[in-house]
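Below is one structure; the comments refer to it alone.
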Amino acid sequence: MTTDSKAAAARGAGREELGARVEDTLGKMSLEQKCALLSGATAFGTRAYPALDVPALEFSDGPHGVRHQSAGANHLGIGGSDPATCFPTAVTVANTWDPDLASRMGAALGEEARTMGVNVLLGPGLCLKRSPLCGRDFEYFSEDPYLAGKMAAGFVRGVQSQGVAACPKHFAANSQETRRQASDSVMDERTLRELYLTGFEHVVREAHPQAIMSSYNLVNGTYANENDHLLTQILRNEWGFDGAVVTDWGGSVDHVAGVRAGSTFQMPAPGMDDPRVLCEAVRAGRLAESVVDDRVREALRLVFATDPAVRTASAAFDQDAHHELARTVAAEGLVLLKNAAPAGAVGAGAADAAAADADGAGAAPVLPLAAHTRVALVGDFARVPRYQGAGSSLVNCTRLDTLLDVAQASDDLDLVGYEPGFARSGEKSATKLAAAVELVRGADVAVVCLGLGEVEETEGADRRTMDLAPNQVELLHAVREACGRVVVLLSGGAPVSAGWVADCDALLYLALGGQAGARAAYDALCGRVNPSGHLAETWARSLADTPCARTFPSDEATAEYREGLYVGYRYYQTASVPVAFPFGFGLSYTRFAYADAAPELTATGELRGVSLTVENVGDVAGAAVAQLYVAKPDHVVFRPEQELKGFCRVELSPGEKRRVTIELDDTAFRYYNVRTGAWEVEGGTYELRIGDSCDDIRLTLLTTVAGTGAPDPYEGLGVDSYRTGRVADVPDAEFAALLGHAIPSPRVTIGRDMCFRDLGHSRSPILWVVYAVLSALHRRNYGGSGAPNLNVEFVYNMPLHAIATMTPVVPMGVVDALVREARGWGLLGVVPALLVRLITGGWFAAVWVLWVLVPIAAAFAEGLARNAAFERRLG
Numbered sequence: 001m002t003t004d005s006k007a008a009a010a011r012g013a014g015r016e017e018l019g020a021r022v023e024d025t026l027g028k029m030s031l032e033q034k035c036a037l038l039s040g041a042t043a044f045g046t047r048a049y050p051a052l053d054v055p056a057l058e059f060s061d062g063p064h065g066v067r068h069q070s071a072g073a074n075h076l077g078i079g080g081s082d083p084a085t086c087f088p089t090a091v092t093v094a095n096t097w098d099p100d101l102a103s104r105m106g107a108a109l110g111e112e113a114r115t116m117g118v119n120v121l122l123g124p125g126l127c128l129k130r131s132p133l134c135g136r137d138f139e140y141f142s143e144d145p146y147l148a149g150k151m152a153a154g155f156v157r158g159v160q161s162q163g164v165a166a167c168p169k170h171f172a173a174n175s176q177e178t179r180r181q182a183s184d185s186v187m188d189e190r191t192l193r194e195l196y197l198t199g200f201e202h203v204v205r206e207a208h209p210q211a212i213m214s215s216y217n218l219v220n221g222t223y224a225n226e227n228d229h230l231l232t233q234i235l236r237n238e239w240g241f242d243g244a245v246v247t248d249w250g251g252s253v254d255h256v257a258g259v260r261a262g263s264t265f266q267m268p269a270p271g272m273d274d275p276r277v278l279c280e281a282v283r284a285g286r287l288a289e290s291v292v293d294d295r296v297r298e299a300l301r302l303v304f305a306t307d308p309a310v311r312t313a314s315a316a317f318d319q320d321a322h323h324e325l326a327r328t329v330a331a332e333g334l335v336l337l338k339n340a341a342p343a344g345a346v347g348a349g350a351a352d353a354a355a356a357d358a359d360g361a362g363a364a365p366v367l368p369l370a371a372h373t374r375v376a377l378v379g380d381f382a383r384v385p386r387y388q389g390a391g392s393s394l395v396n397c398t399r400l401d402t403l404l405d406v407a408q409a410s411d412d413l414d415l416v417g418y419e420p421g422f423a424r425s426g427e428k429s430a431t432k433l434a435a436a437v438e439l440v441r442g443a444d445v446a447v448v449c450l451g452l453g454e455v456e457e458t459e460g461a462d463r464r465t466m467d468l469a470p471n472q473v474e475l476l477h478a479v480r481e482a483c484g485r486v487v488v489l490l491s492g493g494a495p496v497s498a499g500w501v502a503d504c505d506a507l508l509y510l511a512l513g514g515q516a517g518a519r520a521a522y523d524a525l526c527g528r529v530n531p532s533g534h535l536a537e538t539w540a541r542s543l544a545d546t547p548c549a550r551t552f553p554s555d556e557a558t559a560e561y562r563e564g565l566y567v568g569y570r571y572y573q574t575a576s577v578p579v580a581f582p583f584g585f586g587l588s589y590t591r592f593a594y595a596d597a598a599p600e601l602t603a604t605g606e607l608r609g610v611s612l613t614v615e616n617v618g619d620v621a622g623a624a625v626a627q628l629y630v631a632k633p634d635h636v637v638f639r640p641e642q643e644l645k646g647f648c649r650v651e652l653s654p655g656e657k658r659r660v661t662i663e664l665d666d667t668a669f670r671y672y673n674v675r676t677g678a679w680e681v682e683g684g685t686y687e688l689r690i691g692d693s694c695d696d697i698r699l700t701l702l703t704t705v706a707g708t709g710a711p712d713p714y715e716g717l718g719v720d721s722y723r724t725g726r727v728a729d730v731p732d733a734e735f736a737a738l739l740g741h742a743i744p745s746p747r748v749t750i751g752r753d754m755c756f757r758d759l760g761h762s763r764s765p766i767l768w769v770v771y772a773v774l775s776a777l778h779r780r781n782y783g784g785s786g787a788p789n790l791n792v793e794f795v796y797n798m799p800l801h802a803i804a805t806m807t808p809v810v811p812m813g814v815v816d817a818l819v820r821e822a823r824g825w826g827l828l829g830v831v832p833a834l835l836v837r838l839i840t841g842g843w844f845a846a847v848w849v850l851w852v853l854v855p856i857a858a859a860f861a862e863g864l865a866r867n868a869a870f871e872r873r874l875g
């Protein structure tokens with residue numbers, strides 16, 4: 001028996017033993033115990049049953065660092081979290097195009113999770129980047145589902161190698177923070193399948209995560225957590241997922257419907273209300289107990305599978321080693337967007353400079369800086385770095401490098417001084433500007449640290465603009481006029497409009513580099529690191545150029561995905577829209593040549609990939625990222641100009657060449673046919689394009705692929721915008737034709753799903769006051785320089801039903817009473833109050849207040865009583 005077969009046999013025996021334990025425990029549980037297990041007992045933990053030897057399961061946020069909550073904390077960060085390594089965020093990790101590195105980072109996170117008693121790490125995030133305005137884009141990998149899925153799969157393999165579980169999120173089509181808990185993502189099935197589900201499909205099939213987090217939003221009219229089409233038909237039946245589905249925190253709306261659809265854990269801690277309702281549904285015959293048993297099996301498997309790793313974990317992890325790994329990830333994720341010779345930079349556009357750099361033409365570029373170059377450090381981010389986003393992923397890092405500290409401690413470059421240059425709040429400061437200009441006059445090179453502020457990138461709120469703060473752009477222009485060489489270090493988790501790029505000679509995109517990102521950036525300035533990252537998303541020239549600029553984010557009940565398949569480079573290339581920096585783009589301190597492409601075939605003659613020779617033709621070691629795009633110029637069924645279907649990152653010394661193979665899987669040529677309801681292949685000739693970015697194709701091969709013979713699902717339909725890719729302003733008739741039905745109404749209705757931000761449209765004076773106060777606090781959130789108050793943003797966009805699902809002591813009956821109030825119950829109370837006043841001469845206010853409050857209090861008392869009775873039965 002081979003080593004691999006022995007390992008497979010051991011895994012099989014382990015699964016059998018686990019299955020037997022699950023069935024034995026399940027047989028001993030009462031219905032009440034089963035139902036209670038499926039809801040959280042604490043903010044991040046499930047219910048333990050010591051008598052049954054069932055320990056509690058502990059979750060923790062963790063896309064780029066374990067955010068294990070201290071006692072008394074909540075999921076928004078109140079109370080803080082234990083110290084952990086803050087690795088670079090997903091935007092930086094994706095720029096490495098290195099799934100193996102993502103796996104190493106995941107393994108470190110898994111190790112830290114174990115030491116903190118965490119069974120399930122809530123990450124990675126692989127929602128597709130539909131718009132650069134999404135406030136949480138920093139937490140997601142890419143605009144491309146293939147790249148996102150491959151990077152996520154590497155991350156998950158690493159985490160789960162430590163015996164704990166990863167939990168990819170948010171499933172599915174969770175593209176905006178505005179109204180995130182009640183927004184309905186409306187799209188056609190093909191767009192859903194090809195873009196918004198494909199990344200999850202890759203990670204499920206390749207890495208086998210033990211958990212998946214469902215998203216807050218609705219998808220085509222049904223909440224994701226109650227969506228049988230998503231959770232059962234696709235996730236479990238088609239992809240073979242056998243793990244646990246965990247709600248986003250407060251993401252359960254109808255717990256019975258969620259359990260029926262395939263949702264396992266309802267988090268955080270809704271109290272006894274939903275376990276009681278679930279139990280009552282079974283006893284009343286509205287839900288089969290066998291369905292509950294299936295969910296309990298999923299829950300117990302996760303508990304029992306991860307408990308040994310947590311129980312046997314070390315008390316601490318190697319902070320120094322993990323800090324160094326964080327630096328490595330940050331260094332590999334650096335993207336050099338511009339590196340021109342100083343004399344030619346003034347007035348040159350980014351695209352021109354990039355082209356000159358790629359060709360190796362002209363004088364020596366600015367970077368890397370020679371030893372003992374006199375450097376002026378400018379920009380507030382040099383002293384107080386942006387290294388992570390705000391929200392549930394906020395990590396209490398073990399240490400933090402700053403560029404100013406690193407520069408002051410190093411003798412590689414001669415630091416002539418530091419000036420903040422601008423106010424973080426965005427306000428103009430003539431004093432700071434003047435001091436910065438004076439400083440750079442005495443330097444050889446000005447290193448200007450620019451970026452997006454904390455308030456611009458956060459969970460719970462979307463960005464309002466793609467632009468850098470005007471005071472930062474003003475600073476850069478002033479520095480450009482005062483200094484002969486200017487390098488910009490740009491921090492941020494999403495693209496920014498790049499009209500200012502002409503004012504710098506070199507532009508190094510740091511993304512959000514984690515706690516060691518400053519050291520990585522400094523090493524790149526000095527040449528110890530060759531920045532070899534490539535963009536995982538397109539940088540449009542301006543917000544107006546993006547495909548959903550007119551509709552994102554949606555403030556209405558529905559978010560219409562009118563652009564369909566044309567997201568990111570799929571749109572820009574198909575519609576011929578020029579961009580600032582294309583998908584897959586990244587310069588280097590060296591240059592690479594691609595040659596001798598050839599198809600790789602299986603033993604049966606089927607195409608399995610493309611091989612090519614990659615050569616480092618420069619004089620600096622570096623990494624090339626060869627990208628394989630599939631195109632069908634003579635297509636019948638409309639499709640994007642080309643799509644990424646493979647890639648390979650290869651490290652090469654100067655002059656070294658290597659033969660590499662980019663593999664193609666069985667998804668390479670497929671499309672989803674809405675008429676047949678299946679994946680199909682259009683037969684004919686395809687182009688296999690190999691490039692250094694989607695805009696820089698170096699080699700092309702032709703291949704003939706046999707089709708499945710499916711009919712064109714769009715034959716006879718008026719969908720011309722989708723045939724051309726010009727989808728920036730799709731007419732209603734075309735979008736309805738794509739959907740195959742009428743466009744759902746975007747109107748917000750008064751009910752459990754209405755958000756606090758909608759209370760101004762209610763019929764309740766009391767709720768009008770609540771709306772006015774929240775709106776004022778919401779506006780104030782965007783007037784400062786620091787991180788926004790996330791509690792305000794969370795409540796502002798929170799639907800009424802979340803009052804019950806997020807608060808253990810509030811039953812859903814109270815929410816229903818509030819809905820009645822929103823519909824005008826309080827105004828009706830004016831009538832009895834007036835009658836009492838006419839009869840008694842007084843008591844108007846008292847009667848009216850009682851009219852409003854008594855139904856709410858009665859619902860509260862009734863719920864508490866029924867839940868207490870259930871808890872007594874639970875024991």
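Taking our numbering, I'd label the letters of the sequence shown as residues 1 to 875. We treat Cβ as the ideally placed atom computed from N, Cα and C, and that holds for glycine.
Query, Result
"Identity of the residue in 95, 99 and 307 nearest residue 18 by Cα", "307"
"C-beta atoms of residue 817 and residue 810 nearer than 8 Å", "no"
"Residue 697 (DSSP reduced to helix, strand or coil)", "strand"
"Identity of the residues DSSP links to residue 673 by a beta bridge", "678"
"Where residue 766 sits in the DSSP three-state scheme", "helix"
"Span of the beta strand (DSSP E), counted from its first residue to its last, around residue 245", "244-247"
"Alpha-carbon spacing of residue 836 relative to residue 869, whole angstroms", "38 Å"
"Residue environment, residue 859, which counts as buried when at least 16 other CB atoms sit within 10 Å", "buried"
"Among 798, 852 and 840, nearest to residue 881 - alpha-carbon criterion", "Here the chain has residues from 1 to 875 only, and residue 881 is not among them."
"Cα-Cα separation, residue 814 to residue 850", "15 Å"
"For residue 539, the three-state DSSP class (helix, strand or coil)", "strand"
"Integer-rounded CB distance, given that residue 494 should sit under 8 Å from residue 137", "4 Å"
"Coarse secondary structure for residue 568, derived from DSSP in three states", "coil"
"Residue 910 versus residue 244 - alpha carbon distance", "Residue 910 falls outside the range modelled here, since the chain spans only 1 to 875, and no answer is possible."
"Among 132, 844 and 838, the one whose alpha carbon lies nearest that of residue 827", "844"
"Short Cβ contact (8 Å threshold) for residue 452 with residue 492", "yes"
"Residues near residue 339 in its chain [Cβ-Cβ closer than 7 Å; skip 5 each side]", "357, 365, 366, 367, 506 and 587"
"Alpha carbon of residue 278 to alpha carbon of residue 284, nearest angstrom", "10 Å"
"For residue 103 and residue 141, believed in contact at Cβ under 8 Å, the rounded distance", "Going by Cβ atoms, the distance from residue 141 to residue 103 rounds to 14 Å, so no, they are not a contact pair."
"Where residue 554 sits in the DSSP three-state scheme", "coil"
"Simplified DSSP assignment, three categories, for residue 506", "strand"
"Presumed contact (8 Å Cβ cut-off) between residue 473 and residue 538, rounded CB distance", "So it is not a contact: roughly 21 Å between Cβ atoms."
"For residue 476, the first and last residue of its enclosing alpha helix (DSSP H)", "470-482"
"Three or more C-beta pairs below 8 Å linking the region 544-563 and the region 663-675", "no"
"Same chain only: Cβ atoms within 6 Å of residue 325, ignoring 5 sequence neighbours per side", "108"
"Closest Cα partner of residue 210 within the set 260, 182 and 159", "159"
"Best match in 799, 421 and 766 for proximity to residue 250 [C-alpha to C-alpha]", "799"
"For residue 856, the three-state DSSP class (helix, strand or coil)", "helix"
"C-beta contact flag for residue 480 and residue 503 at 8 Å", "yes"
"Rounded separation between residue 775 and residue 794 - CA only", "12 Å"
"The region 682-696 contacting the region 622-641, beta-carbon criterion three pairs below 8 Å", "yes"
"Cα-Cα separation, residue 187 to residue 342", "48 Å"
"The alpha helix (DSSP H) enclosing residue 722, as first and last residue numbers", "720-724"
"CB of residue 248 within 8 Å of CB of residue 214, strictly", "yes"
"Where the alpha helix (DSSP H) containing residue 794 begins and where it ends", "790-796"
"At least three beta-carbon pairs within less than 8 Å, the region 418-432 to the region 747-763", "no"
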